[in-house]
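Chains as they are written, first to last, in our numbering: chain A, 3 to 127; chain B, 804 to 1325. We put the beta carbon where it would ideally sit given N, CA and C, even for glycine.
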Amino acid sequence: MEAVFAGLVGLFFAVAIYLMLSGFSIRIMLGIAILGNAVNLLLFTAGRVTREVPPIIPAGADTLSMDAANPLPQALILTAIVISFSFLAFLLVLTYRAYQDLKTDNTGEMRVAEPDERPMPPLGY
Amino acid sequence: MAAPSNTAVDLSAALVTAPVEAGHWLVILPVVLCIGLGAILMMLRDRTAWHGWIAIPGLVLLVLVDAALLHKVATEGPITMVMGRWLPPFGIAFSVDLFGAIMALTAAVVALAGGLYALGEITTSGRRYGFFPFLMLLLAGVSGAFLTGDVFNLYVWFEVLLISSFGLLILGSEREQIDGALKYAVLNLIATTLFLVSVGYLYAIFGTLNMADIAMKARVPGNTAPLMTLAGLFLLAFGMKAAAFPVNFWLPASYHTPRITVSALFAGLLTKVGIYALIRVLVMLFPVERAGLGPITTAVAIATMLAGVLGALGENDLRRLLGYVVISGIGTMLAGVALGSAEGLSGAIFYALHSMVLMTALYLLAGQAARLGGSFSLFALGGLYRQSGWFAGLSLVLFFAACGLPPFSGFWPKVILVKAALDTGAWWLAATILLTGFLTTIVFGRIFLLAYWRSRSEQEDTVAPGPIVWQAGLPILALTALVIGFGLFPEQLLLLTQRAAGGLEDPSAYLRSVFPGGVGVQ
């Protein structure tokens, strides 16, 4: 099962990087959304993927009777999901606003803060 | 099924049974204070006139709390406080050592200066956008990152400061700001995502996220886990946060767009959090892997120093120029990390403290230079010396400190770093630090020549010059006094940074504070 997940995570990362290398901000946003999911799945896999066994130690025993998934990474993923979701929401609004104000979603043309043709620095008095 | 009630379970190994010592509350007080004040300010969003009256005393209080914390840590050693009564490694711990405490105190001082400056600069509409609440929440994130003892918590505090910094960055919603914010937001988000990946691997390898626990487990010899890959990932993630060379381009793209006090706060706080995390993880958790990554870190440090200073030489907008100076400073700190010796580390920590104070002061100064001269551009600025000799003198002090010339604060860390580099035979690193200092001197000499000595050209004025107000003068004066003080009386600070570096090299006191019983619960 882990092998399948590892392959899936790799695929997600590849797609995310491909999208983030694009020159259009909306595709970059999609890439970021997929990247967030890739990382969440990675964390999930790090905590073992097993059958539906609750991590409860039976009465009289000291250890778990069989392998169970570690619940802690799942708790971490919850935090990470909330955070990445809120960031994605912010970024989407920002991208939309940038599209409205800058009239482009091509990152190559977003040169307002760093204009292309700047004069030479002053070379003398 | 629950455990039968007749089995006696000894929880003393996993639970704290003694009440928390009163002094230990200091560990979380900075964060609690910032979040609380941020929430109150947010509730009072319609009464912007009150914001300054709440935020400034709050920041003063924060400085006092951090100072008390530093005093306590300096006298008693590292302190750990655990949440929810669960002992580490199960519970979440806030652990403060000397390194975290001095960084937190300096951050609070810098924020106080920025907050004072904002009183004069942030208009009512800026306050309604939430400048002061964002400032408090930013500080909550920064303090949390400096004080936490848990890697996943570090990630969460990074996100807290990141989202507040987004809010501050687009304060005003100008076109340049939106353009800059998009690049800043995307690249920083990718950096924190990479950090999260490393956290996931860290947990998969060690089964714990407590820093002290990891430090202990990573020191066990014969460890075959792919720690080098992990350390490399951390280096990339934190290097991106700190704006190290190949991944630094978000900084000059965005730091010049917001209000000058926001730029000042960012330059003073954010990149240093990246450096802090880098030092904490690479030096304290993975010393062996840090040594292995040494050549890469050295190359990155050299490239960052040179890229920063050469970028600064080619700029003619004061704010963008200072952005490049921030980058070159990051390179100098990375040089200390690359050396890894206690001396090199203490130099890096000293430089970080100096840089936090100095970069904030320089940005605030640039704001006032623009106020006096009517522009940020070196083309239009001129005659500042004639307008205000005092201001020019103050500027010269800060410029000297930035170049690393004695007797100001930039001198000592550079001396330590150069000496540490020569001691380990890394003459090329020492040479780069000196060359960078020389080029920085040219950068600031150019500013002084063009903006201060050159007579004023009248045609390009965009904004009418105004006088310096006390809200701006006071923080600049205070920060300059700190810069002079660090330079003239460095002994105390040197001692502190040396002890902090020693505590990172040999974290046994840190481990003892987390696991008072000697060894952690395995």
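Report yes or no: do the region 38-45 of chain A and the region 984-1001 of chain B share at least 3 C-beta pairs separated by less than 8 Å?
The region 38-45 of chain A vs the region 984-1001 of chain B: in contact.
Give the C-beta separation of B:SER1131 and B:GLY1111 to the nearest angstrom, bearing in mind that I take them to be a contact with Cβ-Cβ under 8 Å.
If you number the second sequence from 1, residue 1131 of chain B lands on position 328. If you number the second sequence from 1, residue 1111 of chain B lands on position 308. That pair is a contact at about 3 Å.
Since B:ALA1034 and B:PHE1089 should fall inside the 8 Å C-beta cutoff, what is the C-beta to C-beta distance between them, to a whole number of angstroms?
Along the second sequence, read from residue 1 onward, the residue named residue 1034 of chain B stands at position 231. Along the second sequence, read from residue 1 onward, the residue named residue 1089 of chain B stands at position 286. A Cβ-Cβ separation of about 5 Å places B:ALA1034 in contact with B:PHE1089 under the 8 Å criterion.
What is the rounded straight-line gap between the Cα of A:ARG120 and the Cα of A:PRO75?
What you label residue 120 of chain A is simply residue 118 of the first sequence in a count that begins at 1. What you label residue 75 of chain A is simply residue 73 of the first sequence in a count that begins at 1. CA-to-CA, the gap between A:ARG120 and A:PRO75 works out to about 49 Å.
As assigned by DSSP and simplified to three states, the class of B:THR1011
Against the second sequence, residue 1011 of chain B aligns to sequence position 208. Correct three-state label for B:THR1011: coil.
Closer than 8 Å to a non-hydrogen atom of the ligand MG - does that hold for the CB of B:TRP1273?
This structure lacks the ligand MG, and indeed carries no ligand of any kind.
Suppose you measure from the CA of B:ALA817 to the CA of B:ASN1026; what does that come to, to the nearest Å?
Counted from its first residue, the second sequence places residue 817 of chain B at position 14. Counted from its first residue, the second sequence places residue 1026 of chain B at position 223. The straight-line gap from Cα to Cα measures roughly 26 Å.
So with CB distances below 8 Å, who are the chain B contacts of A:PHE92?
Position 90 of the first sequence, counted from the start, is the residue given in the question as residue 92 of chain A. Those are ILE966, PHE969 and ALA988, listed as they occur along chain B.
Rounded to whole angstroms, what's the CA-CA distance from B:GLY1042 to B:LEU1081? Just pull it up for me.
Taking the first residue of the second sequence as position 1, residue 1042 of chain B is located at position 239. Taking the first residue of the second sequence as position 1, residue 1081 of chain B is located at position 278. Rounded to whole angstroms, B:GLY1042 to B:LEU1081 spans 7 Å at the Cα level.
Starting from the C-beta of B:GLY1143, find all residues in its chain whose C-beta is less than 8 Å away, skip the five residues before and the five after it, and write them out in chain order.
Within the second sequence, the letter at position 340 stands for residue 1143 of chain B. Close CB contacts of B:GLY1143 within its chain, under the 8 Å cut and outside five residues either way in sequence, are with VAL1086, PRO1090, ARG1093, ALA1094 and GLY1097 (chain order).
Between which two residues does the alpha helix (DSSP H) containing A:VAL84 stretch?
As a first step, residue 84 of chain A is located in the first sequence; it is residue number 82 there, counting from the start. 73-104 is the extent of the alpha helix (DSSP H) around A:VAL84.
Please list, in chain order, the chain A residues whose beta carbon lies closer than 9 Å to that of B:ASN1119.
By one-based count along the second sequence, residue 1119 of chain B stands at place 316. Simply ARG120, PRO121, MET122, PRO123 and PRO124.
Kindly identify the DSSP beta-bridge partner or partners of B:THR951.
The sequence position of residue 951 of chain B within the second sequence is 148, counting from 1. According to DSSP, which records beta bridges pairwise, B:THR951 is partnered with B:PHE897.
Can you give the beta carbon distance from B:THR1163 to B:ALA1067, rounded, assuming they're within the 8 Å contact cut?
Within the second sequence, the letter at position 360 stands for residue 1163 of chain B. Within the second sequence, the letter at position 264 stands for residue 1067 of chain B. Between B:THR1163 and B:ALA1067 the beta-carbon gap is near 5 Å, inside 8 Å, which marks them as a contact.
Under three-state DSSP, which class holds B:ILE1271?
Residue 1271 of chain B sits at position 468 when you count from the first residue of the second sequence. Residue state, collapsed to three classes: coil.
A:ASN72: which of A:GLY49, A:ALA63, A:LEU32 and A:GLU54 sits nearest, CA to CA?
Residue numbering aside, residue 72 of chain A sits at position 70 when the first sequence is read from its first letter. Of A:GLY49, A:ALA63, A:LEU32 and A:GLU54, the residue nearest in Cα terms is A:GLY49.
Does any residue of chain D bring its CB to less than 9 Å from the CB of B:ASP1016?
The chain inventory of the structure shown lacks chain D, comprising the protein chains A and B.
Pull the bridge partners of B:ASP1120 from the DSSP assignment, please.
Along the second sequence, read from residue 1 onward, the residue named residue 1120 of chain B stands at position 317. According to DSSP, which records beta bridges pairwise, B:ASP1120 is partnered with B:SER1180.
Rounded to the nearest angstrom, what separates B:GLY918 and B:ILE1279 at their Cα positions?
Your numbering for residue 918 of chain B matches position 115 in the second sequence. Your numbering for residue 1279 of chain B matches position 476 in the second sequence. Cα to Cα, the separation comes out at about 12 Å.
With 16 other Cβ atoms within 10 Å as the buried cut-off, status of B:ILE1245
The residue given as residue 1245 of chain B occupies position 442 in the second sequence. With a threshold of 16 other beta carbon atoms within 10 Å, B:ILE1245 falls short and is exposed.
If you reduce the DSSP assignment to three classes, tell me which class B:VAL1103 lands in.
The count along the second sequence starts at 1 and reaches residue 1103 of chain B at position 300. Here B:VAL1103 sits in helix by DSSP.
Alpha carbon to alpha carbon, how far is B:THR1135 from A:THR65?
Counted from its first residue, the second sequence places residue 1135 of chain B at position 332. Counted from its first residue, the first sequence places residue 65 of chain A at position 63. Taking the straight line joining both Cα atoms gives about 51 Å.
Considering only their Cβ atoms, is the gap separating B:PHE934 from B:ALA921 smaller than 9 Å?
For this step, residue 921 of chain B is matched to residue 118 along the second sequence. For this step, residue 934 of chain B is matched to residue 131 along the second sequence. Yes, Cβ-Cβ distance for B:ALA921 and B:PHE934 is below 9 Å.
Less than 9 Å between the C-beta atoms of B:MET886 and B:HIS827, yes or no?
The residue you call residue 886 of chain B lines up with position 83 of the second sequence. The residue you call residue 827 of chain B lines up with position 24 of the second sequence. Going by C-beta atoms, B:MET886 is not nearer than 9 Å to B:HIS827.
Rounded to a whole number of angstroms, what is the C-alpha to C-alpha distance between B:THR1032 and B:LEU1005?
Along the second sequence, read from residue 1 onward, the residue named residue 1032 of chain B stands at position 229. Along the second sequence, read from residue 1 onward, the residue named residue 1005 of chain B stands at position 202. Cα-Cα distance, rounded: 11 Å.
For a contact defined as C-beta to C-beta under 7 Å, what are the partners of A:ARG2 on chain B?
The structure shown does not extend to residue 2 of chain A, since chain A is modelled only from 3 through 127, so no value can be given for it.
If contact means a Cβ-Cβ distance below 9 Å, which residues of the region 941-952 of chain B contact chain A?
Within the region 941-952 of chain B, no residue qualifies.
For B:LEU1208, does the three-state DSSP call read helix, strand or coil?
Taking the first residue of the second sequence as 1, we reach residue 1208 of chain B at position 405. The answer is coil: DSSP assigns B:LEU1208 none of H, G, I, E or B.
Give the C-beta separation of B:ALA907 and B:LEU950 to the nearest angstrom, bearing in mind that I take them to be a contact with Cβ-Cβ under 8 Å.
For the purposes of this step, residue 907 of chain B is identified with residue 104 of the second sequence, where counting begins at 1. For the purposes of this step, residue 950 of chain B is identified with residue 147 of the second sequence, where counting begins at 1. Going by Cβ atoms, the distance from B:ALA907 to B:LEU950 rounds to 6 Å, so yes, they are a contact pair.
B:VAL866 and B:LEU971: beta carbons closer than 9 Å?
Locating residue 866 of chain B in the second sequence gives position 63, counting from the first residue. Locating residue 971 of chain B in the second sequence gives position 168, counting from the first residue. Contact flag unset, no.
Look at the Cβ atom of B:TYR1058, then the Cβ atom of B:LEU1113, and state whether they are nearer than 9 Å.
Along the second sequence, one-based indexing puts residue 1058 of chain B at 255. Along the second sequence, one-based indexing puts residue 1113 of chain B at 310. Their beta carbons are not under 9 Å apart, which means B:TYR1058 does not touch B:LEU1113 by this criterion.
Measuring straight from C-alpha to C-alpha, what distance separates B:ALA896 and B:ALA904?
For the purposes of this step, residue 896 of chain B is identified with residue 93 of the second sequence, where counting begins at 1. For the purposes of this step, residue 904 of chain B is identified with residue 101 of the second sequence, where counting begins at 1. Rounded to whole angstroms, the gap between the alpha carbons of B:ALA896 and B:ALA904 is 15 Å.
From B:VAL899 to A:LEU80, what does the alpha carbon distance come to, in whole angstroms?
Within the second sequence, the letter at position 96 stands for residue 899 of chain B. Within the first sequence, the letter at position 78 stands for residue 80 of chain A. When the Cα atoms are used, B:VAL899 and A:LEU80 turn out to be separated by approximately 27 Å.
Cutoff 8 Å; reference B:VAL1129; Cβ partners in own chain excluding five residues on either side
Mapped onto the second sequence, residue 1129 of chain B falls at position 326. When the five nearest sequence neighbours on each side are left out, the beta carbons in the same chain lying within less than 8 Å of the beta carbon of B:VAL1129 are those of ALA1046, LEU1054, TYR1058, ALA1070, THR1074, GLY1111, SER1158 and MET1162, in order along the chain.
Residues, ordered as in the chain, of the region 994-1007 of chain B that lie near chain A by beta-carbon distance below 8 Å:
Contacts with chain A (Cβ-Cβ distance below 8 Å) from the region 994-1007 of chain B involve THR996, LEU999, VAL1000, VAL1002, GLY1003, TYR1004, TYR1006 and ALA1007, listed in chain order.
Checking 9 Å against the spacing of the C-beta atoms, do A:ILE34 and B:LEU985 come in under that value?
Position 32 of the first sequence, counted from the start, is the residue given in the question as residue 34 of chain A. Position 182 of the second sequence, counted from the start, is the residue given in the question as residue 985 of chain B. Between A:ILE34 and B:LEU985, the gap from beta carbon to beta carbon reaches 9 Å or more.
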